[in-house]
Every structure is written in structure tokens, then in C-alpha cells.
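Accompanying notes for the structure given below.
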Amino acid sequence: MSNIIIQVVLAIISLLPIALSQVKSPKIRRYDCIAGLIGQPFWFSYGWYIEAWSLCFLGVIYFGVFAYGFHTKWLKKEDAPALKSATNT
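Those letters in the sequence shown? Residues 886 to 974, by my numbering.
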């Protein structure tokens with residue numbers, strides 16, 4: 886029973902960044918990478934628990950992709966004016 890609950894939670898955690906990436910508002914859309922980063926430790930630990938090493942490998946790759954998105958949307962200075970102009974329209 887707990888395995889089913891874990892899988893449902895993983896599905897929700899995985900769908901949240903995809904849903905956020907489709908929102909029209911740039912202010913909300915930039916949270917997609919944060920939602921993705923939050924989910925990766927759970928995927929990695931689940932892959933480790935069931936000894937699915939390819940799942941662990943994919944978790945590391947996805948972490949890198951979401952970390953790049955976080956860097957681009959939150960830390961990079963050049964994107965701040967573009968975000969402001971997009972939100973003012």
C-alpha cells in the first residue's frame with residue numbers, strides 16, 4: 886500500500902513543474918524549475934530504494950536541467966529586465 890502512495894506522490898511532484906511551465910504568467914511560470922528541483926531527491930531516493938539505477942541516473946540529469954533553469958530564471962542578471970517588461974504588459 887505504501888508503494889502506491891509513494892508512486893502517486895511522485896506522479897504529482899513530476900506533473901507540477903510541467904503544469905507550471907504552461908502557465909501564462911511569467912511570474913508563476915518561473916517557479917517550474919523550483920518545483921522540479923524539489924522533486925528530484927524523492928525520485929533519486931526511490932530509484933535507490935528499488936535499485937533502479939537508470940532512474941537514479943535520470944534523476945541526476947533532470948537535476949542538472951532544473952538547476953540550469955533555476956540559474957537562468959532566478960540568478961542570471963540579464964533576464965531581470967526582460968521579466969519586468971513581460972509582466973508589465
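Idealized CB from N, CA, C, for every residue including glycine.
As the structure is a prediction and not an experimental result, all values here were calculated from the model.
Residue range of the alpha helix (DSSP H) that includes Tyr934: 917-934
Less than 8 Å between the CB atoms is what I'm expecting for Gly944 and Gly932, so what's the real figure, rounded? 6 Å
Less than 8 Å between the beta carbons of Phe951 and Leu905, yes or no? no
Using a 10 Å radius around the Cβ and a threshold of 16 neighbouring Cβ atoms, would you call Trp938 buried or exposed? exposed
Cα-Cα separation between Leu900 and Gly924, rounded to whole angstroms: 10 Å
Alpha carbon to alpha carbon, what distance is there between Ile913 and Ile891? 27 Å
Have a look at Ala896 and Phe927 and give me their C-alpha separation to the nearest angstrom. 11 Å
Is DSSP giving Ala952 helix, strand or coil here? helix
Return the residue from the list Glu936, Asp917, Lys909 that minimises the CA-CA distance to Ile903. Asp917
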